[in-house]
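K.L.:
Residue numbers (the numbering used here), protein chains in the order written: chain R, 148 to 371; chain C, 148 to 371. All residues carry an ideal CB built from backbone N, CA and C; glycine is no exception. All figures in this text were calculated on a predicted structure; none of them were measured in a lab.
2 protein chains.
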Amino acid sequence: MTSVLLIEDDPLVRRSLELALSRHGWAVAPAQDGEEGLALFEQKAPELVVLDLMLPGIDGLEACRRLRERAQVPIIMLTARGEDLDVIGGLEAGADDYVVKPVQPTVLDARIRAVLRRAVRDPEGIRSHKGLLIDTEALTITLNGEPVSLTPTELRLLLTLSRAPRRVFTREQLLEDVWEYGYLGDSRLVDNAVMRLRAKLEESPSRPEYIQTVRGFGYRFGPV
Amino acid sequence: MTSVLLIEDDPLVRRSLELALSRHGWAVAPAQDGEEGLALFEQKAPELVVLDLMLPGIDGLEACRRLRERAQVPIIMLTARGEDLDVIGGLEAGADDYVVKPVQPTVLDARIRAVLRRAVRDPEGIRSHKGLLIDTEALTITLNGEPVSLTPTELRLLLTLSRAPRRVFTREQLLEDVWEYGYLGDSRLVDNAVMRLRAKLEESPSRPEYIQTVRGFGYRFGPV
DNA sequence: CCGGAATGTCGCAGGCCTGTCGCAGAAGGC
DNA sequence: GCCTTCTGCGACAGGCCTGCGACATTCCGG
Chain R
148 MTSVLLIEDD
158 PLVRRSLELA
168 LSRHGWAVAP
178 AQDGEEGLAL
188 FEQKAPELVV
198 LDLMLPGIDG
208 LEACRRLRER
218 AQVPIIMLTA
228 RGEDLDVIGG
238 LEAGADDYVV
248 KPVQPTVLDA
258 RIRAVLRRAV
268 RDPEGIRSHK
278 GLLIDTEALT
288 ITLNGEPVSL
298 TPTELRLLLT
308 LSRAPRRVFT
318 REQLLEDVWE
328 YGYLGDSRLV
338 DNAVMRLRAK
348 LEESPSRPEY
358 IQTVRGFGYR
368 FGPV
Chain C
148 MTSVLLIEDD
158 PLVRRSLELA
168 LSRHGWAVAP
178 AQDGEEGLAL
188 FEQKAPELVV
198 LDLMLPGIDG
208 LEACRRLRER
218 AQVPIIMLTA
228 RGEDLDVIGG
238 LEAGADDYVV
248 KPVQPTVLDA
258 RIRAVLRRAV
268 RDPEGIRSHK
278 GLLIDTEALT
288 ITLNGEPVSL
298 TPTELRLLLT
308 LSRAPRRVFT
318 REQLLEDVWE
328 YGYLGDSRLV
338 DNAVMRLRAK
348 LEESPSRPEY
358 IQTVRGFGYR
368 FGPV
């Protein structure tokens, strides 16, 4: 059974979420503040943490950061309606998902599943192909031992492609994933971005080692 | 049960990963340094090796190289956060995957599965018939181990036909599926495309193995 | 065996797809 | 506010498809 650490100070909310989540099949470890949460984390080694943003003592952000230092555990942040979203957005503590309270147990359950699925399918860490190392945590790229500096777009493009090596992405998929929000522009954008990325990665862009063109379909990262 | 060789010097980490991995269904052989690891490799012939980068004596890179000399076994390298990526990349020891410590057992389990899947070429999204392999994700075609390069139309045609092996597709159906946008042209187009595809796949196009003509009806992919 | 219909084969020219470049506006750092 | 960098966009060129027509070949019924 998958174990979930729930850190929430309000006893009522904590108890009700605990009950609801265990009914959904999770082994819930409840904690009432950051300190207890961190201690329980050590003890139980849960697969996921649900974390209230506003906590007495060590607050949610701080707890999140400390958890992150320690392990790559996925974190879902609970925020009260109206809590400053800017703060949340700016924090580099980096939760995997945010849920606004009050939250329906069914919804939380779905989010937990989603986050876990993402974490397993798309694990943080280092992806590699030939001389190319992609650290998806530090967001650094190394080519044959030399660090490579990429622009944001180039980086997002490379991350997207390398998430599923060998799989072909159409220009439309890439526009959606890399440029986000159903970008309406010319799909020639993608060609351009690929060209710029190749210029930095490939020794001879006409014989690309990392990013292949699949004529009539799109692009692919990885071995042929 | 698939056997995994775990080479890790820290007793705590080794023990906990060993437990976790065996809970996930792997037969774990633990070793505490490179020498023991290499010896155990001979003895157990594991399907995969999880290898710490920093080891006393023979270090991870050296161990990786020696394992590689000896066998094609897939290797997952464990690296501590912040260990110099340049070092890893510069020495092309060539692990199949890199995982940053501390690592969640679930994640490591997922990576092991991923690497094994890649290594065994698990037929996920792969259609095959006789010597012909069709990877519907990477959009690569392999004929008796040799990659075949197809044009977009040829590829779409083959994908469509192979989606339903043995089923007969009429020229009209193919025009709709492969050429899309309710193409109005000559249905001889299909004959042409089939011919070109056969030229690349069939040894003797007059006695086709993969794409059969059904006189008066259309074409069919697969065994007769 | 014969004729017609269906299918196989070939060559070619127009056109589509992609690679590449330059530029100007936008965004961001100092 | 200035300067650098990035990015969206248009344009152009070249190479590879592809659609088409013409002809050869095969198949089938009579």
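Given that Ala-285(C) touches chain R, what residues does it touch there, using C-beta distances under 7 Å?
P.N.:
Correct list: Arg-313, Arg-314, Val-315, Arg-367.
K.L.:
Can a CB atom of chain R be found closer than 7 Å to the CB of Thr-307(C)?
P.N.:
Cβ-Cβ to chain R under 7 Å: no for Thr-307(C).
K.L.:
Alpha carbon to alpha carbon, how far is Arg-162(C) from Glu-216(C)?
P.N.:
Near 28 Å, if we compare the C-alpha coordinates of Glu-216(C) and Arg-162(C).
K.L.:
Could you tell me the distance, in whole angstroms, from the CA atom of Gly-184(C) to the CA atom of Arg-264(C)?
P.N.:
Each residue's alpha carbon lies about 23 Å from the other.
K.L.:
Considering only residues of the same chain and omitting the five flanking positions on each side of Leu-308(C), which have a CB-CB separation below 6 Å?
P.N.:
Once the five neighbours on either side are set aside, the close Cβ partners of Leu-308(C) are Phe-368.
K.L.:
Quick check on Pro-158(C) - is its C-beta less than 7 Å from some C-beta in chain R?
P.N.:
It does not; no Cβ of chain R falls within 7 Å.
K.L.:
Using alpha carbons as the reference points, say which of Leu-164(R), Ile-222(R), Arg-314(R), Met-148(R) lies closest to Arg-170(C).
P.N.:
For Arg-170(C), the nearest C-alpha among the options comes from Met-148(R).
K.L.:
Determine the extent of the alpha helix (DSSP H) in which Leu-302(C) is found, giving its start and end residues.
P.N.:
It spans 299-310 - the alpha helix (DSSP H) in which Leu-302(C) sits, taken as one unbroken run.
K.L.:
Is there at least one Cβ from chain C nearer than 7 Å to Gln-219(R)'s Cβ?
P.N.:
Yes, contact with chain C.
K.L.:
Whole angstroms are fine: how far does the CA of Val-250(R) sit from the CA of Ala-257(R)?
P.N.:
Rounded to whole angstroms, Ala-257(R) to Val-250(R) spans 11 Å at the Cα level.
K.L.:
Taking all protein chains shown into account, decide if Ser-275(R) is buried (16 or more other Cβ within 10 angstroms of its Cβ) or exposed.
P.N.:
It is buried - the Cβ of Ser-275(R) has at least 16 other Cβ atoms within 10 Å.
K.L.:
Who pairs with Thr-289(R) in a beta bridge, going by DSSP?
P.N.:
In DSSP, Thr-289(R) forms a bridge with Leu-280(R), Pro-294(R).
K.L.:
As a quick exercise: from Val-337(C), Met-342(C), Arg-260(C), pick the residue whose alpha carbon is nearest that of Glu-323(C).
P.N.:
Ranking Val-337(C), Met-342(C), Arg-260(C) by Cα distance to Glu-323(C) puts Val-337(C) first.
K.L.:
Could you check where the alpha helix (DSSP H) with Phe-368(C) kicks off and where it finishes?
P.N.:
Segment 365-368 is the beta strand (DSSP E) holding Phe-368(C); no alpha helix (DSSP H) there.
K.L.:
Could you check how far apart the C-beta atoms of Arg-345(R) and Ile-358(R) are, in whole angstroms? I think they sit under 8 Å.
P.N.:
Contact holds; Cβ gap of about 6 Å.
K.L.:
With C-beta atoms as the reference, is Glu-155(R) less than 7 Å away from Asp-199(R)?
P.N.:
Yes. Within cutoff.
K.L.:
Can Gln-359(C) be considered in contact with the ligand FMN, in the sense that its beta carbon sits closer than 6 Å to one or more heavy atoms?
P.N.:
Although the ligand FMN was asked about, the structure shown includes no ligands whatsoever.
K.L.:
Which bits of chain C does Arg-362(R) rub up against, with CB to CB less than 8 Å?
P.N.:
Within 8 Å Cβ-Cβ: Thr-298, Pro-299.
K.L.:
Under DSSP, the alpha helix (DSSP H) around Gln-359(R) begins and ends at which residues?
P.N.:
Counting along the chain, Gln-359(R) falls outside any alpha helix (DSSP H), though it belongs to the beta strand (DSSP E) covering 358-361.
K.L.:
Could you check whether Arg-314(R) and Ala-285(C) sit closer than 7 Å to each other, using their CB atoms as the reference points?
P.N.:
Yes, these two residues count as a Cβ contact at 7 Å.
K.L.:
Straight-line CA distance for Leu-195(R) to Ser-150(R)?
P.N.:
Cα to Cα, Leu-195(R) sits roughly 7 Å from Ser-150(R).
K.L.:
Output yes if chain C places a C-beta closer than 7 Å to the C-beta of Glu-374(R); else output no.
P.N.:
Past the boundaries of the shown model lies residue 374(R); chain R is included only from 148 to 371, so the question cannot be answered.
K.L.:
Counting only the same chain and skipping the five closest in sequence on each side, list residues whose C-beta sits under 8 Å from that of Leu-238(C).
P.N.:
Residue confidence is low: Leu-238(C) scores 47 on pLDDT, short of 50, so the model does not pin down where it sits. Its coordinate-derived value is still stated next. Answer for Leu-238(C): Leu-208, listed in chain order.
K.L.:
Going residue by residue through the region 162-213 of chain C, where are the continuous beta strand (DSSP E) segments of at least 3 residues, counting only ones entirely within it?
P.N.:
Qualifying beta strand (DSSP E) stretches, in chain order: 174-178, 195-199.
K.L.:
Answer with yes or no whether the minimum CB distance from Thr-253(C) to chain R is below 7 Å.
P.N.:
At least one chain R Cβ lies under 7 Å of Thr-253(C).
K.L.:
With DSSP as the reference, label Asp-233(R) as helix, strand or coil.
P.N.:
Low local confidence applies: a pLDDT of 43 at Asp-233(R) is under 50, so the model's placement there is unreliable, and no value is given.
K.L.:
Could one say the Cβ of Val-247(C) lies closer than 7 Å to chain R's Cβ atoms, at least one of them?
P.N.:
At least one chain R Cβ lies under 7 Å of Val-247(C).
K.L.:
Where DSSP assigns a beta bridge to Arg-274(C), which residues make up the other side?
P.N.:
Answer is Ile-281(C).
K.L.:
Roughly how many whole angstroms lie between the Cα atoms of Ile-273(C) and Leu-297(C)?
P.N.:
Approximately 17 Å between the Cα atoms of the pair.
K.L.:
Taking 7 Å as the CB-CB cut-off, is Leu-222(R) touching chain C?
P.N.:
The amino acid at residue 222(R) is misidentified as Leu; the sequence shows Ile. Taking Cβ atoms only, chain C never reaches closer than 7 Å to Ile-222(R), which makes this a no.
K.L.:
Mind checking who Thr-253(R) pairs with in its DSSP beta bridge?
P.N.:
DSSP, once it has assigned bridges, lists no residue as partnering Thr-253(R).
K.L.:
With 16 other CB atoms within 10 Å as the buried threshold, where does Ala-218(C) fall?
P.N.:
By the 10 Å Cβ count, Ala-218(C) comes out exposed.
K.L.:
I want to verify the contact list: residues of chain C whose CB lies under 9 Å from the CB of Val-371(R), in sequence order.
P.N.:
Result: Ala-285, Thr-287, Pro-294.
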